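To start, the structure itself, in structure tokens.
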Amino acid sequence: MHGVVPVSYFLRHMKDSKLTLMHHGLGPKGARALALSLTSNTSIVKLNLSDNWLNGDGAAAIADTLKENGYISGNRVGVKGAKALSAMLRENTTLISLDLSGNELSDHAARDLADALLTNNKMEFLNLSHNMLGEPSGEVLGAAVAENVGLKELNLSWNCFRGQGAVAVAKGLGVRAVSFRIFCLARIQTLVADGMVCSVIWNPLLVTLIFML
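The following block contains the structure:
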């Protein structure tokens, strides 16, 4: 049933360190109910809510409950959800991994996330693959990556980066003073590839660069 938290499952696992509720059709209503339960929970530090149609309202409800690892892929969180998650990231000092793949994130969402990355240096793994991030997203994310000293892995595969946006990401990587792993862009154009090669030259600590064709 959509929008209803599977109570028996939650009760069985509420003392675990990881709660996995993939493909349960929670929806915004179920997400709000789950968020209320998690506010007083001190055991769960990893939360996987992939493919639950949370939408913006559901993502906003869940944002403040994330502790160490959050998997919110395939939930269509959109701009509203991205704003809530970005606000959470600016304050959160424990979350180290966040999967926002397949959430219909646009350039508007990228601006909020980039602002969060400028202040949050605790995040180590961020997955933004399979979204709708375009050239403006590359420009703001590139600037944020250049300033962020905590991020170790960024997945930007299967987005809509072109030209200067991709080069901006590459330049951001180039000035990083820490080891970094990036999953790069599908449908690479010559300009994109040239920019990514430059990032390897500029940054000898870039440990892995993967082009996903």
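FYI, full-length UniProt numbering numbers position 177 of the sequence shown as 177, with every residue one higher than the one before it.
The C-beta atom is built at its ideal place from N, Cα and C for all residues, glycine as well.
Predicted model, so just to flag it, every value in this text is computed and none were measured.
Assign Lys15 to buried or exposed, taking buried as 16 or more other Cβ atoms, counted over all protein chains shown, within 10 Å of its Cβ. exposed
Can you grab the Cα-Cα spacing for the pair Ala146 / Leu54, in whole Å? 31 Å
Between the C-alpha atoms of Asp17 and Leu36, what's the straight-line distance to the nearest angstrom? The sequence given here places Ser at residue 17; Asp does not occur at that position. About 17 Å.
Can you tell me the Cα-Cα spacing of Thr118 and Thr93, whole angstroms? The sequence given here places Leu at residue 118; Thr does not occur at that position. For Leu118 and Thr93, the distance between alpha carbons rounds to 13 Å.
How about Leu49: is its Cβ closer than 6 Å to a heavy atom in the ligand MN? The model on display carries no ligand, and the ligand MN is accordingly not part of it.
CA nearest to the CA of Pro136, picked from Ala168, His13 and Thr65: Ala168
On the three-state DSSP scale, how would you describe Asn48? strand
Do residue 215 and Asn69 have their C-beta atoms closer together than 7 Å? No answer is possible for residue 215: it lies beyond the span of the chain, which begins at 1 and ends at 213.
When burial is assigned at 16 or more other CB atoms within 10 Å of the CB, is residue 224 buried or exposed? Since the first residue of the chain shown is 1 and the last is 213, residue 224 is not available in this structure.
Buried or exposed: Gly163, going by 16 or more other Cβ atoms within 10 Å of its Cβ? exposed
Close beta carbons around Ala61, own chain, < 6 Å, minus the five adjacent residues each side: Ala31, Arg32 and Ala35
Spatial neighbours of Leu66 within its chain, please: CB distance less than 6 Å, with the 5 preceding and 5 following residues excluded, ordered by chain position. Leu95
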